[in-house]
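Novice:
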Amino acid sequence: MIRVRIPPSPTGLLHIGTARTALYNYLFARHEKGQIVFRSEDTDKERSKKEYEDDIVHGLNLLGITWDEGPYRQSERTENYKKYLKELLKKNTAYYCFCSKERLDKMREEQTAKKFPTRYDGACSTLDPKASAARVKAGESAVIRLRVIQDQELRFKDLIRGETVFSSKEFDDFVIARRLDDCLYNFTVVVDDHDMKITHVIRGEDHISNTPKQILIYRAFGWDIPEFAHLPLILNEDRTKMSKRKNKVSLNDYLAEGYLPEAIVNFLALVGWSHPEGKEILSMDELIVAFDLSRVHHGGAIFDIKKLDWINGEYIKKAIQEDVDGFFKKYFKFFEGKIPTQNTDLIKKILKDPDFEGRFKKLSDIASELRVFFEALPAYSPSLILNEKFKVTPEIAKTVFQKAIEAVRDIDWDVGDSAKTKVLSDAMMALVPALGLKNGQVLWPIRAALSGAERSPNFATLMVYLGKEETLKRLEFALGKL
RNA sequence: GGGGCCAUCGUCUAGUGGUUAGGACACCGGAUUUUCAAUCCGAUAACCGGAGUUCAAUUCUCCGUGGCCCUACCA
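Converting from the first sequence to my numbering requires adding 83 to each position, the first position being numbered 1.
1) What is the residue span of the beta strand (DSSP E) that D241 lies within?
2) Please identify the residue among A531, K401, T504 and E471 whose C-alpha is closest to the C-alpha of V455.
3) Is the beta carbon of P540 sitting closer than 8 Å to the one on D438?
4) For a quick check, are the C-beta atoms of F386 and N349 less than 8 Å apart?
5) CB-CB under 8 Å to L370, same chain, minus the five flanking residues each way: which ones, in chain order?
6) I'd like to check one pair, L168 with I44: are the Cβ atoms closer than 8 Å?
7) Pull the bridge partners of I247 from the DSSP assignment, please.
8) Output the distance between the C-alpha atoms of D276 and R286, rounded to the nearest integer angstrom.
9) Applying the criterion that 16 or more other CB atoms from any shown protein chain within 10 Å of the CB defines a buried residue, is R538 buried or exposed?
10) Report yes if the C-beta distance between L418 and A373 is below 8 Å; otherwise report no.
11) Please look up how many angstroms separate the CB atoms of P154 and S131, rounded, as I've assumed it's under 8 Å.
12) Short check: CB of I139 to CB of V87, under 8 Å?
13) Please report the straight-line C-alpha distance between F121 and A105, rounded to a whole angstrom.
14) Which residue from V379, L453 and K521 puts its Cα closest to that of S534?
15) Closest to D265 by CA distance: which of D127, R244, L143 and Y178 is it?
16) For the alpha helix (DSSP H) that I281 lies in, which residues bound it at each end?
17) Under DSSP, the alpha helix (DSSP H) around H141 begins and ends at which residues?
18) Do F254 and I300 have their CB atoms nearer than 8 Å?
19) Who are I317's beta bridge partners in DSSP?
20) To the nearest angstrom, how far is it from the Cα of V273 to the Cα of I281?
21) Can we say the region 188 to 195 touches the region 208 to 223, given the rule of at least three CB pairs closer than 8 Å?
22) With DSSP as the reference, label V498 as helix, strand or coil.
23) From this set, P295, G355 and P516, which residue's C-alpha is nearest Y107's C-alpha?
24) Looking only at its chain, what residues have a beta carbon closer than 6 Å to the beta carbon of Y203, apart from the 5 residues adjacent to it on each side?
25) Is the region 377 to 385 touching the region 311 to 330, taking contact as three or more C-beta pairs under 8 Å?
26) Can you list, in chain order, the residues of its chain with a C-beta nearer than 8 Å to that of L558? Leave out the 5 residues immediately preceding and following it.
27) Note down the Cα distance separating D211 from A177, rounded to an integer number of angstroms.
28) Tell me, which residues are paired with Y337 by DSSP?
29) Would L469 and P477 qualify as a contact pair, given that the criterion is a beta-carbon distance under 8 Å?
30) Can you tell which of I148, K165 and K174 has the C-alpha that lies nearest to the C-alpha of G305?
31) With DSSP collapsed to three states, give me the class of V332.
32) Jot down the residue ranges of each uninterrupted alpha helix (DSSP H) in the region 500 to 527, minimum 4 residues, whole runs only, in chain order.
33) Do you know how far the Cα of L171 is from the Cα of K390?
34) When DSSP builds the beta bridges, which residues end up paired with F311?
Following this line, the structure appears as structure tokens:
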């Protein structure tokens, strides 16, 4: 049975990179009909917080990433680690080290100055284990180091990259625990992956260099080594590892901007992996069917927000077409406070209007585009109306507004929305030949007057949903500005 | 400094010992009886460099260059 793990460290809100790694584990496991274990790697007591774990769990679930076991917490497994640590100590494949931090820092400094590799000199490696144990019992503090047997080849076959070889010469006797009841990352990972019967370790490529160290620990115990697969990293625009400083990194940021979970999943799957037929809009189920580690790209990938925008727009378009009610209900919380959500029917009607199809890249676009129907006209300067490109002069605008107002007054508004749209549209278009103007000279000022913005829905759509009274008010207001 | 990983359009990527090196996003242009947007159509755009192997290398090997990651009593 294939078993993978999702092992975030709860030292911050759910990071987009963590979500991507979790997603790949999820896709792989579900594709293989295997099991998924969630494990909170909270051994760093200073930085780990329960609220972060909650955020991570909630965020992953929101994306549709679920697991079969867990959450386990490393902080609740100290007795277990202690047992294994003692085993290593007993076998003398690990030993107590009493060296002071100061001495080690100084040593490292000197080695760096001489351009030597920075390594522990093994001062405590020859101490008598019994004597060391006695010192610790007497209260002296000591870390625990793994005794690295030199001259072994640390070889593993990465499922994505193939054979990778390190020499044990690269590694010194590294610290695996601060104390018997306070273990470090490389140790806890190996113990947990062993105890939890993990068969495939799928993680970011920043862990490639940790792999040989972990193999050393597996060997110290004589345990079987799982399969490894190292994923390419998600990068900032400057090709450094995606970071808070240069990018929005937490899932919450993206949700708050109005990206849909399904779209985020789709996008994340495509950062480093591609569908065999080049399909780009893929649901979670389709991803599970198609996913294959052999199609994972090797090189790191820049987080391209424009592509996310496009994917997100596709999902919004589809969601509105298929089920406005469900869509509005699902994201009600997002819209609350941004648009008058009590006008449910009108909002849904507007969203379904063909004029809006494809206009929204994010939920926030919906809020900003719909605002024009519910809020007072924004302050704008006459220059918005006097569009240079279309050669709209004040005289032309004045005439257009006067004629438009007359036409709007004369039209019978007591008809259905689509009929109304057509009548209004025809009436405005009729002004073009009547006044001997060009389309832009008529349509631009009208749309600008109705919306007070450069970007807005179509003029006829604006009129229909604004209503006769408001339409006239806004046209007259614009006329008065000239 | 040491070790490792990586390298195809601006970006995400496909692909092959012989291809017009394909797609998507972005950008640009056109159309929609010159409205923003949307939509449709189109164009521009890439195999890091040098050797080697080979009849033939973007593809295989080596070297170089560049980027990244690790090099903690973080994970």
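Idealized CB from N, CA, C, for every residue including glycine.
Specialist: Quick look at the numbers:
1) Residue 241 sits at position 158 when you count from the first residue of the first sequence. In this chain, the beta strand (DSSP E) harbouring D241 covers E236 to D241.
2) Taking the first sequence and counting its residues from 1, the one referred to as residue 455 is at position 372. The option with the nearest alpha carbon to V455 is A531.
3) Here the question's residue 540 lines up with position 457 in the first sequence. Here the question's residue 438 lines up with position 355 in the first sequence. Yes, the Cβ-Cβ distance between P540 and D438 is below 8 Å.
4) To locate residue 386, count along the first sequence from 1; it is residue 303. To locate residue 349, count along the first sequence from 1; it is residue 266. Going by C-beta atoms, F386 is not nearer than 8 Å to N349.
5) The residue labelled residue 370 in the question sits at position 287 within the first sequence. The answer, listed in chain order, is L110, V348, N349 and A352.
6) In the structure displayed, the chain extends from 84 to 565; residue 44 sits before or after that span and is not available.
7) Position 164 of the first sequence, counted from the start, is the residue given in the question as residue 247. Reading the sequence as shown, one finds Thr at residue 247 and not Ile. In the DSSP secondary-structure assignment, T247 is bridged to F239.
8) Within the first sequence, residue 276 is the residue found at index 193, counting from 1. Within the first sequence, residue 286 is the residue found at index 203, counting from 1. Cα to Cα, the separation comes out at about 13 Å.
9) For the purposes of this step, residue 538 is taken as residue 455 along the first sequence, with counting starting at 1. When all chains shown are included, R538 counts as exposed.
10) What you label residue 418 is simply residue 335 of the first sequence in a count that begins at 1. What you label residue 373 is simply residue 290 of the first sequence in a count that begins at 1. For the sequence presented, residue 418 should be read as Phe rather than Leu. Taking 8 Å as the Cβ cut-off, F418 and A373 do not qualify as a contacting pair.
11) For this step, residue 154 is matched to residue 71 along the first sequence. For this step, residue 131 is matched to residue 48 along the first sequence. Their Cβ separation, rounded to whole angstroms, is 13 Å, which puts P154 and S131 out of contact at 8 Å.
12) For this step, residue 139 is matched to residue 56 along the first sequence. For this step, residue 87 is matched to residue 4 along the first sequence. Contact: no.
13) Position 38 of the first sequence, counting from 1, holds the residue named residue 121. Position 22 of the first sequence, counting from 1, holds the residue named residue 105. Between F121 and A105, the C-alpha separation is close to 9 Å.
14) As a first step, residue 534 is located in the first sequence; it is residue number 451 there, counting from the start. Checking every option, the nearest Cα to that of S534 belongs to L453.
15) By 1-based counting over the first sequence, the position of residue 265 is 182. Ranking D127, R244, L143 and Y178 by Cα distance to D265 puts D127 first.
16) Start at 1 with the first residue of the first sequence, and residue 281 comes out as number 198. No alpha helix (DSSP H) holds I281; DSSP gives it neither H nor E.
17) As a first step, residue 141 must be located in the first sequence, where it is residue number 58. Start and end: K133 to L146.
18) If you number the first sequence from 1, residue 254 lands on position 171. If you number the first sequence from 1, residue 300 lands on position 217. No, the Cβ-Cβ distance between F254 and I300 is not below 8 Å.
19) Position 234 of the first sequence, counted from the start, is the residue given in the question as residue 317. I317 is bridged to A384.
20) One-based indexing of the first sequence puts residue 273 at position 190. One-based indexing of the first sequence puts residue 281 at position 198. Going from the Cα of V273 to the Cα of I281 covers about 10 Å.
21) no
22) As a working note, residue 498 is residue 415 in the first sequence. Coil, per DSSP.
23) The sequence position of residue 107 within the first sequence is 24, counting from 1. Of P295, G355 and P516, the residue nearest in Cα terms is G355.
24) The residue labelled residue 203 in the question sits at position 120 within the first sequence. So the qualifying residues of the chain are D255 and D256.
25) Contact holds: three or more Cβ-Cβ distances are below 8 Å.
26) By one-based count along the first sequence, residue 558 stands at place 475. For L558, where only same-chain residues beyond five positions count, the Cβ hits under 8 Å are F484, A487, I488, V491, I529, A532 and L533.
27) Here residue 211 corresponds to residue number 128 of the first sequence, with the count starting at 1. Here residue 177 corresponds to residue number 94 of the first sequence, with the count starting at 1. Looking at the two C-alpha atoms, the distance is approximately 12 Å.
28) Taking the first residue of the first sequence as 1, we reach residue 337 at position 254. Its beta-bridge partners do not exist; DSSP assigns none.
29) Numbered from its first residue, the first sequence carries residue 469 at position 386. Numbered from its first residue, the first sequence carries residue 477 at position 394. Yes.
30) Here residue 305 corresponds to residue number 222 of the first sequence, with the count starting at 1. Here the closest residue by C-alpha is K174.
31) Residue 332 sits at position 249 when you count from the first residue of the first sequence. It is coil, neither helix nor strand.
32) 500 to 518
33) Your numbering for residue 390 matches position 307 in the first sequence. Your numbering for residue 171 matches position 88 in the first sequence. Cα-Cα distance, rounded: 50 Å.
34) By one-based count along the first sequence, residue 311 stands at place 228. D241 and V284.
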